[in-house]
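**Q** The structure that follows is given in the form of structure tokens.
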Amino acid sequence: MAPRGRRPRVPPSENNTVQDDNSEVLAAAATRFFQRMVNGDMVVGRTTQVGCTLEQFSHQHPPTFDGRLNSLDAESWIERMEQIFEVLYCTDDQKVKYATYHLTDMANKWWKSTRALVQLELGEAVPITWEYFKKIFLDHFFPQTLQESRARQFMDLTQGSMSVAQYATTFMELSRFASYLIPDEEKKAEKFERGLNRRIRERVRTLRIRSFTELVTRATIAEKDIQESIDYNNQRKRQQQQQLQPASHRDKRPCQDNGQRPREGETGWLPLCGKCSKRHAGKCLLGTGACFKCGKEGHHLRDCPGKNIATTQATRDGQKNMALARVFSLVQLRDTDVSANENTGNYFP
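Under full-length UniProt numbering, the first residue of the sequence shown carries the number 1, and numbering increases by one thereafter.
Written out as structure tokens, the structure is:
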């Protein structure tokens, strides 16, 4: 048997060198370890939280769904639920339980009957996943036929009587049902531009915009400019029409009944009565049996004593004026004769 060999002894100086090298390696490793902890690259003694409580879920104010809303609301409800699930790290089982907890009325009745059928099909031991629930939910409340209808609406969509903002909102709501028509940003902008009203489209077409967001902004500005131009032209037309009207029509003002009677012949400024279709001040006497002249009852205008008195007084005033005129003429003639006699020296008493 060959003799067992001995290990060669390492000189003390060399042994110390090896130990020093090992210490440097350990120190460097420890430094890197603590540096990674400081930088957050390592988590010691902590595990990532999975799942959430119903209380945490309710604090996010999830919407309810009653089944009476339209199909777009059904899809929006699903999207909102998935936003909350992502933030709270809900498990798949929690997603179904918490979401169905917020179904009410018709939707809740649908789920009770559907869940029983699904469990019979899958088996009691197989849980219902969120993806499976979402499929049967949308198949019922947002079937494929409605999705195809929304796609056709998007294909035929134009601005019409909507504002640019309303058109853009409707465009975005319907575009997801026909995403194959707008595969990129440029096609999306082209489709939106084709649907704009002619006057707005003519203004933005020359800009050759290929960004949907920028196109909506430019179209909104053009819409505002066009509306301001229309308002300005309408105001000028009204001013021109007022200037072309006769002065008598422009100066008319509504008559206010202040108790003053208009003078004879001045009826143009009086309001038009809706009862008798005549212009007069004060209360309308049509159908009251009162006289239109003095306002008293018991006689009509043709038999009004006031009318006869006024006529007689006017006749007397006229005769009196004529008599005074004749007297004035005779006096003036006599004065003329006297002056002539004085000049000739002839005087007749």
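Note that CB positions come from ideal geometry on N, CA and C, so glycine has one too.
Quick check on DSSP: helix, strand or coil for Phe141?
**A** Position 141 of the sequence shown, counted from the first residue, corresponds to residue 141. Helix at Phe141.
**Q** Between the Cα of Ala99 and those of Lys293, Arg80, Thr213, Ile182, spot the shortest distance and give me the residue it belongs to.
**A** If you number the sequence shown from 1, residue 99 lands on position 99. Taking only the C-alpha atoms, the option nearest Ala99 is Arg80.
**Q** Taking all protein chains shown into account, do 16 or more other C-beta atoms lie within 10 angstroms of the C-beta of Ser229, making it buried, or fewer, making it exposed?
**A** As a working mapping, residue 229 is identified with position 229 in the sequence shown. Under this definition Ser229 is an exposed residue.
**Q** Count the other C-beta atoms from every protein chain shown that fall within 10 angstroms of the C-beta of Arg199, then say buried if there are 16 or more, exposed otherwise.
**A** For the purposes of this step, residue 199 is taken as residue 199 along the sequence shown, with counting starting at 1. That one is exposed.
**Q** What would DSSP say about Leu146, mapped onto helix, strand or coil?
**A** On the sequence shown, residue 146 is found 146 positions in, with the first residue counted as 1. In the structure shown, Leu146 sits in a helix (DSSP, three-state: H, G or I).
**Q** Round the Cβ separation of Met106 and Gly67 to the nearest angstrom and send it over; I've been treating them as touching at under 8 Å.
**A** Working through the sequence shown from its first residue, we reach residue 106 at position 106. Working through the sequence shown from its first residue, we reach residue 67 at position 67. That pair is a contact at about 3 Å.
**Q** Assuming Ser211 contacts Glu185 under a Cβ cut-off of 8 Å, what Cβ separation, rounded to an integer in Å, is found between them?
**A** The sequence position of residue 211 within the sequence shown is 211, counting from 1. The sequence position of residue 185 within the sequence shown is 185, counting from 1. Yes, Ser211 and Glu185 are in contact; Cβ-Cβ is about 6 Å, under 8 Å.
**Q** For Trp110 and Ser179, I'd like the C-alpha separation in whole angstroms.
**A** Here residue 110 refers to the residue found at position 110 of the sequence shown. Here residue 179 refers to the residue found at position 179 of the sequence shown. In a straight line, the C-alpha of Trp110 is about 30 Å away from that of Ser179.
**Q** Ala74 and Phe141: beta carbons closer than 7 Å?
**A** By 1-based counting over the sequence shown, the position of residue 74 is 74. By 1-based counting over the sequence shown, the position of residue 141 is 141. In this structure, Phe141 lies closer than 7 Å to Ala74 by Cβ.
**Q** What runs of the beta strand (DSSP E), each 3 residues or longer, lie entirely inside the stretch 103-141?
**A** With a minimum length of 3 residues, no continuous beta strand (DSSP E) run stays inside the stretch 103-141.
**Q** If distances are taken between C-alpha atoms only, which option among Ser113, Thr158, Lys95, Pro305 comes closest to residue 374?
**A** Outside the modelled stretch of the chain, which goes from 1 to 349, sits residue 374, for which no answer is possible.
**Q** Among the candidates Ile221, Glu148, Asp231, whose CA atom is the shortest distance from the CA of Ala165?
**A** As a working mapping, residue 165 is identified with position 165 in the sequence shown. Selected option, being the one with the closest Cα: Ile221.
**Q** Verify whether the separation of the beta carbon atoms of Leu88 and Gln56 is less than 7 Å.
**A** As a first step, residue 88 is located in the sequence shown; it is residue number 88 there, counting from the start. As a first step, residue 56 is located in the sequence shown; it is residue number 56 there, counting from the start. Their beta carbons are under 7 Å apart, which means Leu88 touches Gln56 by this criterion.
**Q** Compute the Euclidean distance between the alpha carbons of Thr169 and Cys284, then round it to the nearest angstrom.
**A** Taking the first residue of the sequence shown as position 1, residue 169 is located at position 169. Taking the first residue of the sequence shown as position 1, residue 284 is located at position 284. Those two C-alpha atoms are separated by around 58 Å.
**Q** Would you identify the three-state DSSP class for Ala281, choosing helix, strand or coil?
**A** For the purposes of this step, residue 281 is identified with residue 281 of the sequence shown, where counting begins at 1. The answer is coil: DSSP assigns Ala281 none of H, G, I, E or B.
**Q** Are the CB atoms of Phe133 and Phe154 nearer to each other than 7 Å?
**A** Residue 133 sits at position 133 when you count from the first residue of the sequence shown. Residue 154 sits at position 154 when you count from the first residue of the sequence shown. For Phe133 and Phe154, no; Cβs fall outside 7 Å.
**Q** Below 6 Å CB to CB, which residues in the same chain sit around Asp85 once its five sequence neighbours on both sides are set aside?
**A** The residue you call residue 85 lines up with position 85 of the sequence shown. For the record, residue 85 in the displayed sequence is Phe; it is not Asp. Here the set comprises Lys95.
**Q** Near Gly289, which residues of its chain fall below 6 Å by C-beta distance, leaving aside the five closest residues on each side in sequence?
**A** Stepping through the sequence shown from its first residue, residue 289 is reached at position 289. Same-chain partners within the cutoff: Glu297.
**Q** Excluding the 5 residues preceding and the 5 following Thr91 in the sequence, name in chain order all residues of the same chain whose CB lies nearer than 6 Å to its CB.
**A** Taking the sequence shown and counting its residues from 1, one reaches residue 91 at position 91. These residues qualify, in order along the chain: Gly51.
**Q** Name the DSSP beta bridge partners of Ala178, please?
**A** Counting from 1 along the sequence shown, the entry for residue 178 is found at position 178. According to DSSP, which records beta bridges pairwise, Ala178 is partnered with nothing at all.
**Q** In three-state DSSP terms, what is Leu207?
**A** Counting from 1 along the sequence shown, the entry for residue 207 is found at position 207. If DSSP states are grouped into helix, strand and coil, Leu207 belongs with coil.
**Q** Could you give the residue range of the alpha helix (DSSP H) that holds Ala290?
**A** By one-based count along the sequence shown, residue 290 stands at place 290. Run containing Ala290: none; DSSP gives neither H nor E here.
**Q** Taking the C-alpha atoms as reference points, what is the distance between Phe192 and Arg203?
**A** Along the sequence shown, one-based indexing puts residue 192 at 192. Along the sequence shown, one-based indexing puts residue 203 at 203. When rounded, the distance between both Cα atoms is 14 Å.
**Q** So is His61 buried or exposed if we call it buried at 16+ other beta carbons inside 10 Å?
**A** The sequence position of residue 61 within the sequence shown is 61, counting from 1. Per the 10 Å Cβ criterion, exposed.
**Q** In the structure shown, what three-state DSSP assignment does His61 receive?
**A** The count along the sequence shown starts at 1 and reaches residue 61 at position 61. His61 falls in the coil class under three-state DSSP.
**Q** Taking the alpha-carbon positions, what's the Ile226 to Lys187 distance?
**A** Residue mapping note: residue 226 aligns to position 226 of the sequence shown, counting from 1. Residue mapping note: residue 187 aligns to position 187 of the sequence shown, counting from 1. Looking at the two C-alpha atoms, the distance is approximately 26 Å.
**Q** In three-state terms, what does DSSP make of Leu272?
**A** As a working mapping, residue 272 is identified with position 272 in the sequence shown. Residue state, collapsed to three classes: strand.
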